[in-house]
Amino acid sequence: GQQLNQSPQSMFIQEGEDVSMNCTSSSIFNTWLWYKQDPGEGPVLLIALYKAGELTSNGRLTAQFGITRKDSFLNISASIPSDVGIYFCAGLPSGSARQLTFGSGTQLTVLP
Amino acid sequence: NAGVTQTPKFRILKIGQSMTLQCTQDMNHNYMYWYRQDPGMGLKLIYYSVGAGITDKGEVPNGYNVSRSTTEDFPLRLELAAPSQTSVYFCASSYSSGAGQYFGPGTRLTVT
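Residue numbers (our numbering), protein chains in the order written: chain A, 195 to 306; chain B, 2 to 113.
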């Protein structure tokens, strides 16, 4: 199946710092989604992207759908302690795919 | 608006026992999904459904069965529980294949 490479696997940052993570694929995707998962909870949808080049914000979060349609980026500005969690990217491959492909996640730790 | 609800939240099974994980959504979504998440890992698709009466296998369907008799409900059945099925199970739904999926809170299953 399709593979998504999500990096970094984990990050330790100071409160107030900006964060950037990304997902890449060797194949073209039609949709990119970013989720956050808190411990013991289900993933929560943060941002959805549907068009190449699209840049969408949700509060301090900004995500972009790469021009090549093979990558996406998530940025978090001015991190706060509640940003701690696992961030997953997910994409819908082009073609007749009905299933999302998920990245392996980025574990974010925010140090006070 | 409850979104996606799952029951039970926790369950311990003995090897060879069977059980059904329940999932209900009240968003009138056509698409529903079952994932499993092993510790420190991403999400793997077990089964999905594009509408009532239609189901299809995902990446890891062995040992599981599903049915979709109504738009709202998508139960997951384990017939002969095995230790390899110890995991956290998430149900999700979406309006379409490319739309963002909304996840339930998960069921933590331990098979001993």
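Glycine included, each C-beta is placed from N, C-alpha and C at the ideal position.
For the C-beta of A:Gln293, the chain B residues within less than 7 Å are, from N- to C-terminus, Leu46, Tyr49, Gly59.
Nearest in C-alpha terms to A:Pro233, of all of B:Glu80, B:Val89, B:Gly101, is B:Val89. Pairing A:Ser298 with B:Ser70, the inter-Cα distance amounts to about 32 Å.
Looking from the CA of B:Val5, the closest CA among B:Leu46, B:Ser95, B:Gly64 belongs to B:Ser95.
Taking a contact to require three or more Cβ pairs closer than 8 Å, the segment 37-54 of chain B and the segment 6-24 of chain B do not qualify as touching. Burial check for A:Asn252: the Cβ neighbour count within 10 Å stays below 16, so the residue is exposed. Burial check for A:Gly260: the Cβ neighbour count within 10 Å reaches 16 or more, so the residue is buried.
Positions of the beta strand (DSSP E) runs, each at least 3 residues long and wholly inside the segment 35-110 of chain B, are given as 44-52, 55-58, 65-67, 77-79, 88-95 in order along the chain. Under a 10 Å Cβ-count criterion, A:Lys245 is classified as exposed, with fewer than 16 other Cβ atoms of the shown protein chains found around its own Cβ. The beta carbon of B:Gly52 is closer than 6 Å to those of Asn31 in its chain, skipping five residues each way along the sequence. Collapsing the DSSP output to three states places A:Asp232 in coil. Apart from the 5 residues on each side of it in sequence, B:Arg78 sits with its Cβ closer than 6 Å to the Cβ of Thr21, Asn66 in its chain, given in chain order.
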